[in-house]
């Protein structure tokens, strides 16, 4: 449940493709509906979604991706379900790539 423009909105975590920090706001990009913008700290929101057993990993200091939605990872960008691409920082690449491989190995037995 997130506070969006003085309303409480239910956002299923499995519907979130990625989170994007912009100043004091976080843009929540979703699969099925328009993005939602909330006033919250990026770190706090990443922690909240990961508490539910999800796998959101930093791709960049301003982006956290849901590993469930990642198609492929390159050195400089990450391709998500639906073909959207987000940047991958040099510092985040190894951790993101390792998490992506581990996540897919666990999902595929």
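Numbering (my numbering), first residue to last: 8 to 116.
Don't be surprised by glycine CBs; every beta carbon is placed ideally from N, CA and C.
With 16 other CB atoms within 10 Å as the buried threshold, where does residue i fall?
i	result
residue 117	Nothing in the structure corresponds to residue 117, since the chain is present only between 8 and 116.
residue 70	buried
residue 16	exposed
residue 76	buried
residue 8	exposed
residue 27	buried
Start and end of the alpha helix (DSSP H) containing residue i?
i	result
residue 50	49-57
residue 111	97-114
Which residue comes first and which comes last in the beta strand (DSSP E) that contains residue i?
i	result
residue 8	Segment: none, residue 8 is in no beta strand (DSSP E) and carries neither H nor E.
Assuming the contact rule is C-beta atoms closer than 8 Å, residue i and residue j should be a hit. Round their C-beta distance to whole Å, please.
i	j	result
residue 93	residue 72	7 Å
residue 62	residue 32	In fact, because the Cβ distance is near 23 Å, the residues do not count as touching under 8 Å.
residue 79	residue 95	Actually they are not in contact, since the Cβ atoms of residue 79 and residue 95 sit about 11 Å apart, beyond 8 Å.
residue 107	residue 74	6 Å
residue 35	residue 53	Contact doesn't hold; Cβ gap of about 11 Å is too wide.
Identify whether residue i lies in helix, strand or coil by the three-state DSSP scheme.
i	result
residue 86	strand
Complete beta strand (DSSP E) runs within the stretch 13-84 (minimum length 3 residues, chain order):
14-16, 23-29, 32-37, 43-46, 63-67, 70-73 and 77-80
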